[in-house]
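Chemist: I'd like to ask some things about the structure below.
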Amino acid sequence: MDLHLNTVMRFLCLLVFVSVSYSLPVRPKHFSKTESHRDMPAHLLARSRRNLHAVSTRKTVILQTKSLWIFEIRLDGSVGGTTNINNPNVKLQLQSVGQSLVRFFGIRARKYLAMDKNGNLYTTAKATSETVFRNILGSTDYHTFSSANNNHKGRPMYLGLRENGKPKKGSKTRGSHRSAQFQVLAVI
């Protein structure tokens, strides 16, 4: 029973995240340049005018590493890991801002997760370019999130939690590390 429930939950999480990961095209193929915007559906019209906020997708999720740490944004703005899935600080709003580009917003703390140019994780009240992460779904069904704005010596800097639950510096994290591989659990 637990195996079946786990399989169903992983499938639902994958299904939800795939729908979040892929954004709509700027100009759909079935609309020509000469067609009137009146004929275009409202959600496609908003995207065609480059208004990303009008059609961004937002889902409430929980991020859990392979080593079973759950990512949290605390009320004081600090970030880290916990093993308590019932902790209200673990609920994050996953905001899709482009194809494979996401932001994390701590629902309780009301702050965005960000990574600076040195790979340090911090939180901020405003959405900036440092709050955008590139989402990659690996072959093992685990997600990795690298900074879309910064890199270290040409290498991506990944979001990660150490084995003790403290945030791992992005410049020392690789996508292949267990600490940087997350399972995205949908909150229902």
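Numbers -23 to -1, 1 to 165, taken from mature numbering (1 follows the signal peptide of the UniProt record, and there is no 0), label the letters of the sequence shown in order. Beta carbons are placed, not taken as given, at the ideal position from N, Cα and C, and that holds for glycine.
Do the CB positions of GLY58 and ILE47 come within less than 9 Å of each other?
Modeler: Contact flag set, yes.
Chemist: If you compare alpha carbons, which of GLN158, LYS149 and LEU138 is closest to THR117?
Modeler: Of the candidates GLN158, LYS149 and LEU138, the one whose C-alpha sits nearest the C-alpha of THR117 is GLN158.
Chemist: Identify the continuous beta strand (DSSP E) that holds VAL56 and give its terminal residues.
Modeler: Per DSSP, VAL56 belongs to the beta strand (DSSP E) from 56 to 59.
Chemist: To the nearest angstrom, how far is it from the Cα of ALA102 to the Cα of ASN112?
Modeler: Spanning the two alpha carbons is a distance of roughly 22 Å.
Chemist: Can you tell me which of THR105, ASN61, THR60 and VAL67 puts its alpha carbon nearest to the alpha carbon of ARG80?
Modeler: ARG80 has its Cα closest to that of THR105, out of THR105, ASN61, THR60 and VAL67.
Chemist: What is the DSSP secondary structure of ASN128, counted as helix, strand or coil?
Modeler: If DSSP states are grouped into helix, strand and coil, ASN128 belongs with the strands.
Chemist: Quick check on the burial criterion: 16 or more other C-beta atoms within 10 angstroms. Buried or exposed for ASN66?
Modeler: Buried, because 16 or more other Cβ atoms sit within 10 Å of the Cβ of ASN66.
Chemist: Is the Cβ-Cβ distance between LEU138 and SER156 less than 9 Å?
Modeler: Yes, the Cβ-Cβ distance between LEU138 and SER156 is below 9 Å.
Chemist: For ASN162 and ILE84, which I take to be in contact (beta-carbon distance under 8 Å), what is that distance rounded to the nearest angstrom?
Modeler: Inspection of the sequence shows that residue 162 is occupied by Leu rather than by Asn. Not really, about 14 Å apart at Cβ, beyond 8 Å.
Chemist: List the residues that DSSP assigns as beta-bridge partners of residue 167.
Modeler: The question about residue 167 has no answer here: the residues shown for the chain are numbered -23 through 165.
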